[in-house]
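Everything on this sheet refers to the single structure shown next.
Residue numbers (our numbering): 24 to 171.
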């Protein structure tokens with residue numbers, strides 16, 4: 024603040040100089056880019072947990088196929104080599120990343136049983152202990168009403 028008839032006082036700001044601040048900022052950006060480059064070179068096109076993602080992908084595709092089939096033939100189809108066919112047709116990127124895990128998830132879902140028969144929850148599978156998905160929650164099922 025400048026008062027009349029007084030010389031202005033020059034006050035410096037607190038903190039590092041602009042030069043030191045820019046040097047520190049540039050060094051921080053370089054470190055972050057280096058860490059990112061190492062991570063990309065190590066994992067390239069696969070996510071960190073690609074095996075678990077592929078297993079869940081196969082499990083979900085088989086589960087959805089069995090739930091959509093009113094005849095129950097899909098489960099037999101999947102148990103008799105249908106998972107290999109579906110991997111090429113419906114697997115997508117998850118099946119390409121880890122095809123053996125996708126097949127294992129599909130086969131496990133087919134082996135868990137028919138979802139339409141009221142199975143509650145699939146047991147954990149594999150060395151990672153991946154939990155299964157809820158098979159049939161009876162959500163949206165109309166309950167019988169008592170006649171009056």
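All C-beta atoms in this analysis are idealised placements derived from N, C-alpha and C, irrespective of residue type, glycine included. No experiment lies behind these values; they were computed from the predicted model shown.
Less than 7 Å between C-beta atoms, sequence neighbours within five positions excluded: which residues of the same chain meet that for residue i?
{"i": "residue 111", "result": "none"}
{"i": "residue 45", "result": "none"}
{"i": "residue 36", "result": "none"}
Hey, quick one: how far does the alpha helix (DSSP H) through residue i stretch, first residue to last?
{"i": "residue 118", "result": "115–120"}
DSSP three-state label for residue i, please.
{"i": "residue 28", "result": "coil"}
{"i": "residue 57", "result": "helix"}
{"i": "residue 141", "result": "Legend: pLDDT at residue 141 = 48, less than 50; position of this residue unreliable, no value from coordinates given."}
{"i": "residue 37", "result": "coil"}
Quick one: what's got a C-beta closer than 6 Å to residue i's C-beta in the same chain, skipping five residues either side?
{"i": "residue 49", "result": "none"}
{"i": "residue 84", "result": "113"}
{"i": "residue 129", "result": "81, 85, 106"}
{"i": "residue 93", "result": "none"}
Suppose the cutoff is 8 Å on Cβ atoms and the five residues either side in sequence are ignored; what does the same chain contact list for residue i look like?
{"i": "residue 91", "result": "97"}
Less than 7 Å between the CB of residue i and some heavy atom of the ligand COA, yes or no?
{"i": "residue 126", "result": "Judged by which ligands are present, the structure shown has none, so any question about the ligand COA falls away."}
Discussion item. As an exercise, report each continuous alpha helix (DSSP H) stretch of at least 4 residues that is fully enclosed by the stretch 62–112, in chain order.
Written reply: 73–91, 96–100
Worksheet item: Is it a yes or a no for the stretch 56–75 touching the stretch 114–131, going by three-plus beta-carbon pairs under 8 Å?
Response: yes
Item to complete: Give a yes or no on contact between the stretch 94–109 and the stretch 126–134, applying the rule of three or more CB pairs nearer than 8 Å.
Response: yes
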